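Protein chains: 2
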Amino acid sequence: MASLKRLLVGSPIRTARLAHERLTKKTALAIFASDALSSTAYATEQILLVLAAAYVAGQTDAFSRVIPISIAIAILLVIVAISYRQTIYAYPSGGGAFIVAKENLGTLSGLVAGASLLVDYVLTVSVSVAAGVEAITSAMVGTRFADLHNHRVWLCLFFIMFITVANLRGVREAGSLFAAPSYAFIFSFLCLIGYGLIRYYLSPGSIPAPNDADLKIAEGYQAHPLSLLLLLGAFANGCAALTGIEAISNGVQAFKQPESRNAATTLSWMAALLITMFLGASVLTHLYNIHPLEHETVISQIARIVFVGKLGWFYYVVQATTAAILVLAANTSFAGFPRLASLLARDRFLPRQLANLGDRLVFSNGIVLLAIFSGVLVWAFRGDTSRLIPLYAVGVFLSFTLSQAGMVVHWWREGNMLRGMGQAAGRSKPAAHEAMNSMADVEQLRRKSHWKKYLVINGVGAISTFIVLMVFILTKFLHGAWIVVILIPLLVMLFQRIHRHYLEVAQQLSTEGLAGLRPIRHEVIVPISGIHRGVIAALEYAKSIAPHHVTAVYVNLDDETTQKLREKWQEWGSGVSLVVVASPYRSLQRPLLNYIDRVKRSSHGEVVTIVLPEFVPARWWQNLLHNQNTLFLKGALLFKKGVVVTNVPYHLEH
Amino acid sequence: MASLKRLLVGSPIRTARLAHERLTKKTALAIFASDALSSTAYATEQILLVLAAAYVAGQTDAFSRVIPISIAIAILLVIVAISYRQTIYAYPSGGGAFIVAKENLGTLSGLVAGASLLVDYVLTVSVSVAAGVEAITSAMVGTRFADLHNHRVWLCLFFIMFITVANLRGVREAGSLFAAPSYAFIFSFLCLIGYGLIRYYLSPGSIPAPNDADLKIAEGYQAHPLSLLLLLGAFANGCAALTGIEAISNGVQAFKQPESRNAATTLSWMAALLITMFLGASVLTHLYNIHPLEHETVISQIARIVFVGKLGWFYYVVQATTAAILVLAANTSFAGFPRLASLLARDRFLPRQLANLGDRLVFSNGIVLLAIFSGVLVWAFRGDTSRLIPLYAVGVFLSFTLSQAGMVVHWWREGNMLRGMGQAAGRSKPAAHEAMNSMADVEQLRRKSHWKKYLVINGVGAISTFIVLMVFILTKFLHGAWIVVILIPLLVMLFQRIHRHYLEVAQQLSTEGLAGLRPIRHEVIVPISGIHRGVIAALEYAKSIAPHHVTAVYVNLDDETTQKLREKWQEWGSGVSLVVVASPYRSLQRPLLNYIDRVKRSSHGEVVTIVLPEFVPARWWQNLLHNQNTLFLKGALLFKKGVVVTNVPYHLEH
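Sequence order for the protein chains is A and H. Heads up, this note's numbering is the position in the first sequence plus 745, with the first residue counted as 1. Heads up, this note's numbering is the position in the second sequence plus 745, with the first residue counted as 1.
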């Protein structure tokens, strides 16, 4: 086992190397942006899937609504990106929704944001991997591998395992694994958009008629004329494009110095790319009359039409890089989930095991947990993106809203502080000067003086994302969002329950009220199964720790054997008293436990030590040849108060 | 878990009730004979399956050979039954092949017999249950449950579980469960034979033509004209009728007193019934032109033809009782296997856990083991009787042969002793008289004086069964018997390996060479994770067992925390020295183990005690919230020689 782990994960890394495991902007873009950028591979399709409900109801122009909806989403995206740039500067040590909400809105809001983000990370992995597998199976349409579609759940699980292992190896190695596919995707997707637009304007007549034989409608929708609700539903579905945009603000610490500036620049680049690619894809679907199909993705259809003839090979480049980026997009969550879980664990809202850095300097437990949850989800929803999407964005937009609202409060407080300083300055120049010096960073102060502007920006962000959240719950509740709406409060309750436990433990373990070490009085019991070297070693040990308070106990299973033991005891007892207890039901454990209870009751607060003779076979399989009485007894004694269990092993050879 | 066990298995029974759990002859016949009698349900069919090979090769009278073959088997049966009656009298305390072979031919022969019997018991369960399920699925032919045939493996496993639970409840209760079905089967089968014969002689013209559409040939046979080998193969297959006949001699102790006489009478009854039923079935198949079919058993076909018209309901009585007896026949092995396993375990050839009486006074571990093995076998052979049969009788006839050969040696020795006594009597009457008195039992002596006759009887038995064994290996080796031929030596080697281990352990644990308890010198190490009440309890304990030899060890994971601990130690250390060890890879366990190793190396034979502070949460799930470092450390320390581990638990509340 250990060597298998080493082979997959690599050798341990020293703590001292922690500082070196930081990311350049290029690597960070590949890791953190893969989620957000990859969503362009399915966001447009999710809009079309809802519009298809109006299309089958007879409104042949329904699909053209993809353009205004995409523009609305792009505007929302700009607002959210600008909002998050502020967060990055205000929280250079990493300002995920959890931290921002907790500091500014209180612990409960922080926990709600934390729960939303955790759910979101799990869904990101599931949706991305499922969409990546769909890109692969789309490319197989018309080939003899067409039935790969039926094995998509296994493909998804395979990819999740692959990413898990990559991440367990450590964050920098993961970055170098993922950089090439990310940039290849950006390049091929931009080529698709560029060449698609040029081709359309050079030969607008060569567009094939849309294929409606295999038309797919979004999960939970039937034929229905265009209505506001339907448009809002399409908009909400398309908002999947925004998921992942917060990843950078959560992981500012992973950047090289200066962390904030590098992170903000990366965020801007990411937003620009995202808008270009998302709008480009939407425009192309409109120009090329693409309809959503059951067995082929929208992007695959566009690429097939655009790269026809001599450029046919480039279709496969697009599909391959799309699949790669999607599968690897899940990696964003593998950076984010364990980090957030460790923050929650450090604050004692999750098990403390999640706070430990593993031996490769990554939060191994969090990585494994994420792999399990997302694997289960993919399996439960049969790897179907369109069934996972309704669950997706509730958590995302809830955390957006809480984060932005927290930033509003943040700026309000900064403003109050500055005003306080200004008043102080009015009264006494030197005091204000001192206050300014104590801040040390003039740049910081300069930024803070714009607090009103920032407050407005984040306010707009908070309100917009809150509205979208409401739209989401309104349009998607019955389609699956209810699961998340129920799950998030449950998670928050779990966090609080865990927190209470840790507080209680700390209180119970506190040394308050104690005054130094107290002396202890002993009573030692040695359960014996006969007289052999193992038992003699235990008796010797027992006599050494409490020379005059040792009793040996023997369970009588057979009168004859017991009589022989009594005789042998004359020789070996060395003054230790022997107690024989009866066992009418041939059980060893029950009579022993009863005896120990009796001794405890009459011991007036003395510590009762059970010295267990135990022989340890030389080979593991030899354990099968011996009763595991000692093991069972140890287990039963663990729950008795005031009983100390001591194992005196006797090692066998061969 | 515990209460589920109680519900299924019942409350524990006191050891003192052991003597009351004996069987009357009627109950014993039901339990021990169910295996032997039930084999009449498939033995004739197994002969026909081989003869079918000649039938399809064009020899239309091939099936008539079933009569001479059955008579040969019946003669063999009489020989074996008479032989075993002798064993019962010679070994009133239970004379299975294992004991007889061991006492007279030596340990190795005993082990071979033991291995054969164990294999045989497992196969009995598998074959009987599979044949019982076939009786059920045969009755479904032509009804809408006809596809039950495809679920036969699950049905088999269900029945095995049912019998297992019944047996775990205890032997007498099992007897009362099984008596009614056994007698119902005997009654209905005798009715079938009687009415079948009467009907044939009253209206010989009403016999339908044989159905050959679905003809089945024995596993491994192709169309082949009648040859000696084919006839021997058919004979060998039919010898399945003899299996189970030894069960009574193995379990004489389970009878009421006088055990031997009751057991011998039961054996005679069983043999008489067995011959009547087996020959009756063979004669009917011949009279009614029955051919072996794929989807219906031979007995089902006979019963269908015999009980036609108004008596049609009796067909279902026959099938139901046949199924019941077959499924319950497995019960023979559930009495025999655990008993034999316990004998082997008492002689230290099997794990000693198999020697323990469970809390319902049955050998629970043996019962569970048998259930597992037979379940696996049924599953591996897809519940097909004809595929299991070739494996079946090798073990049976090997143990028959060894047992009878052992009896020959037994009588030879008795004879020698009597001759010795006779010579002594010739020299001095009183000495001979004394010798006779010392035997106390004149009846016993009277029997022994016939030793020559008995020697011949058992000799004939041994030679006949040995010949059949050779026939079996000759005709069935390639059809599956090779598995058993390989398995039995492997089992014997396992027995010997286990035996050697126990001998070595006994030697290593022997107190020889020791002289009383020696004093011990201590070195105590307390690994600590900080200073809290749990740690303080451990320190107090450590100081009490070795006041001046306690060291606390702390693993430095973080310099700042370590510094704080050092400061706090001034207050709480009470003179105990604190050692801080470094951990460059953030592991707790490795540095601690290394430190313990260093102390051990420099301790010059002193005992090193590790006192582990451990807090025990009030509820099991709370363990998930704490690092299981103590647990892992305990596991790692178990394999270090000369290290004693002491747990000082600190119990948390809530």
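Just so you know, even glycine gets a beta-carbon here, dropped at the ideal spot from N, CA and C. Please read these numbers as outputs of a predicted model, since none were measured by experiment.
Review point. Under 7 angstroms between the Cβ atoms of A/G855 and A/K847?
Key: Along the first sequence, one-based indexing puts residue 855 of chain A at 110. Along the first sequence, one-based indexing puts residue 847 of chain A at 102. Yes, the pair counts as a contact, with Cβ atoms nearer than the cut-off.
Review point. Closest Cβ-Cβ distance between A/V1393 and chain H: below 7 angstroms?
Key: Reading the first sequence from its first residue, position 648 is the one you call residue 1393 of chain A. So, interface residue.
Exercise for review: Tell me, please, which residues DSSP counts as bridged to H/T1296.
Suggested key: Position 551 of the second sequence, counting from 1, holds the residue named residue 1296 of chain H. Looking at the DSSP assignment, H/T1296 forms a beta bridge with H/I1270 and H/S1322.
Check your understanding: Are the C-beta of A/G1261 and some C-beta of chain H separated by less than 7 angstroms?
Key -> Taking the first residue of the first sequence as 1, we reach residue 1261 of chain A at position 516. Chain H has a Cβ within less than 7 angstroms of the Cβ of A/G1261.
Check your understanding: Using a beta-carbon distance below 7 angstroms, is H/Q700 in contact with chain A?
Key -> Residue 700 of chain H cannot be examined here, being either before or after the span of chain H that is shown, 746 to 1399.
Review point. Taking the Cβ atom as the reference point for each residue, do A/L1214 and A/L868 lie within a distance shorter than 7 angstroms?
Key: The sequence position of residue 1214 of chain A within the first sequence is 469, counting from 1. The sequence position of residue 868 of chain A within the first sequence is 123, counting from 1. No, Cβ-Cβ distance for A/L1214 and A/L868 is not below 7 angstroms.
Point to revise | Backbone CA spacing between H/F980 and H/D957 [nearest angstrom] | key: Here residue 980 of chain H is taken as the residue at index 235 of the second sequence, counted from 1. Here residue 957 of chain H is taken as the residue at index 212 of the second sequence, counted from 1. In a straight line, the C-alpha of H/F980 is about 23 angstroms away from that of H/D957.
Check your understanding: Roughly how many whole angstroms lie between the Cα atoms of A/V1113 and A/P1234?
Key -> Numbered from 1 along the first sequence, position 368 holds the residue referred to as residue 1113 of chain A. Numbered from 1 along the first sequence, position 489 holds the residue referred to as residue 1234 of chain A. Across the structure, A/V1113 and A/P1234 are spaced so that their CA atoms are roughly 24 angstroms apart.
Check your understanding: Helix or strand or just coil, what does DSSP make of A/Y834?
Key -> The count along the first sequence starts at 1 and reaches residue 834 of chain A at position 89. It is helical.
Review point. According to a CB-to-CB cut-off of less than 8 angstroms, which residues of the region 1269-1291 of chain H neighbour chain A?
Key: I1276, H1277, R1278, G1279, I1281, L1284, E1285, Y1286, K1288, S1289, I1290 and A1291
Review point. Based on Cα-Cα distance, which residue from H/G1350, H/F777 and H/I1208 lies nearest to H/R997?
Key: Counted from its first residue, the second sequence places residue 997 of chain H at position 252. The residue you asked about is not Arg; residue 997 of chain H is Val in the sequence shown. Out of H/G1350, H/F777 and H/I1208, H/F777 has the C-alpha closest to the C-alpha of H/V997.
Review point. Would you call the region 887-896 of chain H and the region 1269-1280 of chain H touching, i.e. three or more CB-CB distances under 8 angstroms?
Key: no
**Study point:** Neighbourhood of A/V886 by C-beta, 8 angstroms cutoff - its chain only, sequence neighbours within 5 removed
**Key:** Residue numbering aside, residue 886 of chain A sits at position 141 when the first sequence is read from its first letter. Result list for A/V886: H1040, E1041 and S1045, in chain order.
Exercise for review: Determine contact between the region 798-810 of chain A and the region 818-837 of chain A, defined as no fewer than three beta-carbon pairs at a distance below 8 angstroms.
Suggested key: Output reads no: the region 818-837 of chain A does not touch the region 798-810 of chain A.
Exercise for review: Could you name the residues of the same chain whose beta carbon sits closer than 6 angstroms to that of A/F1118, not counting the 5 residues immediately before and after it, in chain order?
Suggested key: For this step, residue 1118 of chain A is matched to residue 373 along the first sequence. Contacts found: V867.
Review point. Can you give the Cα-Cα distance for A/L1338 and A/S1322, rounded to whole angstroms?
Key: On the first sequence, residue 1338 of chain A is found 593 positions in, with the first residue counted as 1. On the first sequence, residue 1322 of chain A is found 577 positions in, with the first residue counted as 1. Roughly 18 angstroms separates the two Cα atoms.
**Study point:** Any C-beta of chain A under 7 angstroms from that of H/H1293
**Key:** One-based indexing of the second sequence puts residue 1293 of chain H at position 548. Closer than 7 angstroms: no.
Exercise for review: Could you tell me the boundaries of the alpha helix (DSSP H) in which H/T1307 lies?
Suggested key: Taking the second sequence and counting its residues from 1, one reaches residue 1307 of chain H at position 562. Start and end: D1304 to W1317.
Check your understanding: Taking DSSP as the reference, what is the three-state secondary structure of H/T1256?
Key -> Taking the first residue of the second sequence as 1, we reach residue 1256 of chain H at position 511. Of the three classes helix, strand and coil, the one that applies to H/T1256 here is coil, per DSSP.
Exercise for review: Hey, could you find the ends of the alpha helix (DSSP H) H/V898 is sitting in?
Suggested key: Position 153 of the second sequence, counted from the first residue, corresponds to residue 898 of chain H. It spans R897 to L913 - the alpha helix (DSSP H) in which H/V898 sits, taken as one unbroken run.
Review point. Residues in the region 1363-1390 of chain A with C-beta within 8 angstroms of chain H's C-beta atoms, listed in sequence order?
Key: Q1367, L1369, L1370, H1371, N1372, L1383, F1384, K1386, V1388, V1389 and V1390
Review point. So which residues on chain H does A/W1317 lean against when the C-beta distance must stay under 9 angstroms?
Key: The residue labelled residue 1317 of chain A in the question sits at position 572 within the first sequence. Those within 9 angstroms of A/W1317 in chain H are T1256, L1259, G1261 and L1262.
Practice item. Would you identify the three-state DSSP class for A/I1355, choosing helix, strand or coil? Key: If you number the first sequence from 1, residue 1355 of chain A lands on position 610. Correct three-state label for A/I1355: strand.
Exercise for review: Could you round the C-beta distance between A/V823 and A/A1016 to whole angstroms and report it? I think they count as a contact, below 8 angstroms.
Suggested key: Within the first sequence, residue 823 of chain A is the residue found at index 78, counting from 1. Within the first sequence, residue 1016 of chain A is the residue found at index 271, counting from 1. Contact flag correct, Cβ pair sits at about 7 angstroms.
Exercise for review: Can you tell me which of the three DSSP states A/P1083 falls into?
Suggested key: In the first sequence, the residue the question calls residue 1083 of chain A occupies position 338. Correct three-state label for A/P1083: helix.
Practice item. Output yes if chain H places a C-beta closer than 7 angstroms to the C-beta of A/P1096; else output no. Key: Counting from one through the first sequence, the residue named residue 1096 of chain A turns up at place 351. Yes, A/P1096 lies at the interface with chain H (some Cβ there is under 7 angstroms from its Cβ).
Point to revise | Residues sharing a beta bridge with H/N1368, DSSP | key: The residue given as residue 1368 of chain H occupies position 623 in the second sequence. Bridge partners of H/N1368: none, in fact.
Exercise for review: Have a look at A/L1032, A/A799, A/Y946 and A/R830 and flag the residue whose alpha-carbon is nearest the alpha-carbon of A/A968.
Suggested key: Here residue 968 of chain A refers to the residue found at position 223 when the first sequence is read from its first residue. Looking only at A/L1032, A/A799, A/Y946 and A/R830, the smallest Cα-Cα distance to A/A968 is reached by A/A799.
Exercise for review: Using a Cβ cut-off of 9 angstroms, pull out every chain H residue sitting near A/E1398, in sequence order please.
Suggested key: Translated into positions along the first sequence, residue 1398 of chain A becomes position 653. The answer, in chain order, is E1249 and Q1253.
Practice item. Confirm, please, whether the CB-CB distance from H/V1043 to H/T1030 is below 7 angstroms. Key: For the purposes of this step, residue 1030 of chain H is taken as the residue at position 285 of the second sequence. For the purposes of this step, residue 1043 of chain H is taken as the residue at position 298 of the second sequence. A contact, by the Cβ cut-off of 7 angstroms.
Check your understanding: Can you list the residues of chain A that H/I1265 reaches, using a CB-CB cut of under 7 angstroms?
Key -> One-based indexing of the second sequence puts residue 1265 of chain H at position 520. Result: E1285, Y1286 and S1289.
Practice item. Determine the chain H residues that contact A/F1360 at a beta-carbon separation under 9 angstroms, and present them in chain order. Key: The sequence position of residue 1360 of chain A within the first sequence is 615, counting from 1. What A/F1360 touches in chain H: V1250, Q1253 and L1254.
Check your understanding: In three-state DSSP terms, what is A/N1392?
Key -> Position 647 of the first sequence, counted from the first residue, corresponds to residue 1392 of chain A. The answer is strand: DSSP assigns A/N1392 an E or B state.
Point to revise | Straight-line gap, A/T1307 to A/R1097 (C-alpha atoms, nearest Å) | key: Indexing the first sequence from 1 puts residue 1307 of chain A at position 562. Indexing the first sequence from 1 puts residue 1097 of chain A at position 352. One alpha carbon belongs to A/T1307, the other to A/R1097, and they sit about 50 angstroms apart.
Review point. Taking the alpha-carbon positions, what's the H/M1184 to H/L1163 distance?
Key: Residue mapping note: residue 1184 of chain H aligns to position 439 of the second sequence, counting from 1. Residue mapping note: residue 1163 of chain H aligns to position 418 of the second sequence, counting from 1. Because H/M1184 sits at a pLDDT of 48, beneath the cut-off of 50, its placement in the model cannot be relied upon, and the following sentence gives the value as read from the coordinates. Pairing H/M1184 with H/L1163, the inter-Cα distance amounts to about 12 angstroms.
Exercise for review: List the endpoints of the continuous alpha helix (DSSP H) containing H/D780.
Suggested key: Taking the second sequence and counting its residues from 1, the one referred to as residue 780 of chain H is at position 35. Its alpha helix (DSSP H) spans residues K770 to S783.
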